[in-house]
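Following the numbering used here, the numbering of the sequence shown begins with 11 at its first residue and continues without gaps. The structure appears right after this line, and notes come after that.
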Amino acid sequence: GIDGLASENRKKDPYEKINGIVYRKDNGGITENKGTERIDLDDIPFVYKDLSKFENRIIYYETSRGCPFSCSYCLSSIDKAVRFRSFEIVRKELDSFLERKVPQVKFIDRTFNCNKIHAREIWRYISEHDNGVTNFHFEVAADLIEDEDIEIFKSMREGLIQLEIGLQSTNIQTIEAIRRKMDIGSVKDTLLKIRNLGNIHQHLDLIAGLPYEGFESFRKSFNDAMEMKPNQLQLGFLKVLKGSYMGEMTEEYDIKHSDVQPFEVLSTKWIDYDEIMVLKNIEEMVEVYYNSDQFEYTLPYVTSFFKSQFDFYKELGDYYEKKNLFGIGFKRENRYITLIKFMEKKIDDAEKHNGKSKSFKMITHSINKNVSIEFDYDLFIELLTFDYYLRENAKSRPMWLKSKSIYSKDKTTHIESMSDETYNFIMSLGEVYIEIDDETGEKEKSNHHGEYVLAEFNYNKRSRLSHNAAVKFYKK
Numbered sequence: 011g012i013d014g015l016a017s018e019n020r021k022k023d024p025y026e027k028i029n030g031i032v033y034r035k036d037n038g039g040i041t042e043n044k045g046t047e048r049i050d051l052d053d054i055p056f057v058y059k060d061l062s063k064f065e066n067r068i069i070y071y072e073t074s075r076g077c078p079f080s081c082s083y084c085l086s087s088i089d090k091a092v093r094f095r096s097f098e099i100v101r102k103e104l105d106s107f108l109e110r111k112v113p114q115v116k117f118i119d120r121t122f123n124c125n126k127i128h129a130r131e132i133w134r135y136i137s138e139h140d141n142g143v144t145n146f147h148f149e150v151a152a153d154l155i156e157d158e159d160i161e162i163f164k165s166m167r168e169g170l171i172q173l174e175i176g177l178q179s180t181n182i183q184t185i186e187a188i189r190r191k192m193d194i195g196s197v198k199d200t201l202l203k204i205r206n207l208g209n210i211h212q213h214l215d216l217i218a219g220l221p222y223e224g225f226e227s228f229r230k231s232f233n234d235a236m237e238m239k240p241n242q243l244q245l246g247f248l249k250v251l252k253g254s255y256m257g258e259m260t261e262e263y264d265i266k267h268s269d270v271q272p273f274e275v276l277s278t279k280w281i282d283y284d285e286i287m288v289l290k291n292i293e294e295m296v297e298v299y300y301n302s303d304q305f306e307y308t309l310p311y312v313t314s315f316f317k318s319q320f321d322f323y324k325e326l327g328d329y330y331e332k333k334n335l336f337g338i339g340f341k342r343e344n345r346y347i348t349l350i351k352f353m354e355k356k357i358d359d360a361e362k363h364n365g366k367s368k369s370f371k372m373i374t375h376s377i378n379k380n381v382s383i384e385f386d387y388d389l390f391i392e393l394l395t396f397d398y399y400l401r402e403n404a405k406s407r408p409m410w411l412k413s414k415s416i417y418s419k420d421k422t423t424h425i426e427s428m429s430d431e432t433y434n435f436i437m438s439l440g441e442v443y444i445e446i447d448d449e450t451g452e453k454e455k456s457n458h459h460g461e462y463v464l465a466e467f468n469y470n471k472r473s474r475l476s477h478n479a480a481v482k483f484y485k486k
């Protein structure tokens, strides 16, 4: 169609002779011409021959078109004929990215591993030709990943690839209604296996506003997703796209959506507008606290004192709403302080309910069959401080610390157990923070494991997954 319209013979050929176009006649009628043959992907020219034009940009690249699945909310479901660019061509194009050491190549294949042989050839190739810099992003079906793929993943450098997995929901009725084919148990097993490898970033997607998914159902889907331990959880909202099956079902499902792009859901037969707004708050809390990887050790402890992960983020969102904190440009440190204030409020509420003294600091541990156990406030602060220094190369103590000391050049007597190499690192770069729990730095204090520990943070060596500093521990 495009070729016909751009042809030199355009003036000679009336619209009715150009295949692959839809046009409006002079009388106002709309005509759809015969379709064109699908393009062989090997015939498509490579657009990145001059990579200097794309310096410091994400490279979007495709090795296949079409999708074998029929998800009702997705326009890719219209084109079910999947075709692939041959590996020999792909290999040469990957070489150009690797030689140039581009930061990231994002594959836009709709389900990259729908052809397992094709996917493995590419995964093996980038693993064997890793340049130590380039990251590759793939959108995959987790339940199609097999042990052979896991073996390939094991050999990869940390951060070489990242995987995006569309879970969308764990409600079986919802999955059937959106025409998904997915083994949820297999998805969970696969994500946990990959998480345990420790070298691959996993991004898991949920969609709010799908058919048969009410507020409580979405709560379960959210908690199920968190049990899969993704590095990031993307809480998205249904986009009602014209031409998709979901677009045709708006009346039956009583879907209300915005009338401008991106045509996002406002309510359905199963979830109302106010509940969608609550989920919007949760989305932001997940983005700030979970997806940022800045609270890696604090969150597992804190969330265990709520009925579920969903309830924690909901209540935190409610707190932000009540305090008018949404829309404020926070400094990173203030996110930590806000979490402290939120937990202090929860502690006060729990103590009033249980009739306990302020020093007892109890919160209901609902996961443990609603049995109340002691919430250790000091441990909470220690975990939060540890998380803060993992990410932040701070030049001063965080505001919530009143009696902490940072080792510096004049306090080297306290690091006798450290090697000369470590000592030199501290002296020359000044990028290592050692926290102790005494104002003078003279008195040792036992931690929760019964031993005193010094922590060294190396900000020149960060994780490629979380961007947190490398850390070493030294027993005093």
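Using N, Cα and C, we set each Cβ at its ideal position, and we do this for glycine too.
Q. Could you give the C-beta distance for residue 210 and residue 166, rounded to a whole number, given that I count them as a contact under 8 Å?
A. 7 Å
Q: Counting only the same chain and skipping the five closest in sequence on each side, list residues whose C-beta sits under 6 Å from that of residue 229.
A: 320
Q) Since residue 115 is in the beta strand (DSSP E), which residue starts that stretch and which ends it? A) 114 to 117
Q: Would you mind sorting residue 293 into buried or exposed? The rule is 16 or more other CB atoms within 10 Å of its CB.
A: By the neighbour-count rule (16 or more Cβ atoms within 10 Å), residue 293 is buried.
Q) Nearest-angstrom Cα distance between residue 330 and residue 176? A) 29 Å
Q: Can you tell me which of the three DSSP states residue 70 falls into?
A: Taken through DSSP and simplified to helix, strand or coil, residue 70 comes out as strand.
Q.
Pop quiz: residue 346 and residue 408 are said to be a contact at Cβ under 8 Å. What is the actual Cβ separation, rounded to whole angstroms?
A. 7 Å
**Q.** Residues of its chain near residue 242, where Cβ-Cβ distance is below 8 Å and the 5 sequence neighbours each way are ignored
**A.** 211, 212, 213, 214, 300, 301
Q: Would you check if the stretch 119 to 131 and the stretch 177 to 195 touch, i.e. whether three or more CB-CB distances between them fall below 8 Å?
A: no
(Q) Could you tell me the alpha carbon to alpha carbon distance between residue 469 and residue 70, rounded to whole angstroms? (A) 30 Å
Q) What did DSSP end up calling residue 139 once you bin it into helix, strand or coil? A) Residue 139 carries a coil assignment under DSSP once its states are collapsed to helix, strand and coil.
Q. Taking residue 264 as the reference, which of 304, 108, 220 has the closest Cα?
A. 220
Q. Whose C-alpha, out of 40, 158, 353, is nearest the C-alpha of residue 314?
A. 353
Q) Terminal residues of the continuous beta strand (DSSP E) containing residue 212? A) 211 to 218
Q.
DSSP three-state label for residue 121, please.
A. coil
Q: Measure the Cβ-Cβ separation of residue 245 and residue 216 and say whether it is below 8 Å.
A: In this structure, residue 216 lies closer than 8 Å to residue 245 by Cβ.
Q.
At a cut-off of 7 Å, would you count residue 411 as near the ligand ADP, judging by its Cβ distance to the nearest heavy atom?
A. Ligands displayed in this structure: none; no statement on the ligand ADP is therefore possible.
Q. Where does residue 119 land, buried or exposed, given buried means 16+ other C-beta within 10 angstroms?
A. buried
Q) Secondary structure at residue 423, three-state DSSP: helix, strand or coil? A) A caution first: residue 423 carries a pLDDT of 33, below 50, which makes its placement in the model too unreliable to give a value.
Q: To the nearest angstrom, report how far apart residue 163 and residue 38 are at their CA atoms.
A: 57 Å
Q: Measure the Cβ-Cβ separation of residue 143 and residue 123 and say whether it is below 8 Å.
A: no
Q. Quick one, are the C-beta atoms of residue 477 and residue 303 less than 8 Å apart?
A. In contact: residue 477 and residue 303 (Cβ atoms closer than 8 Å).
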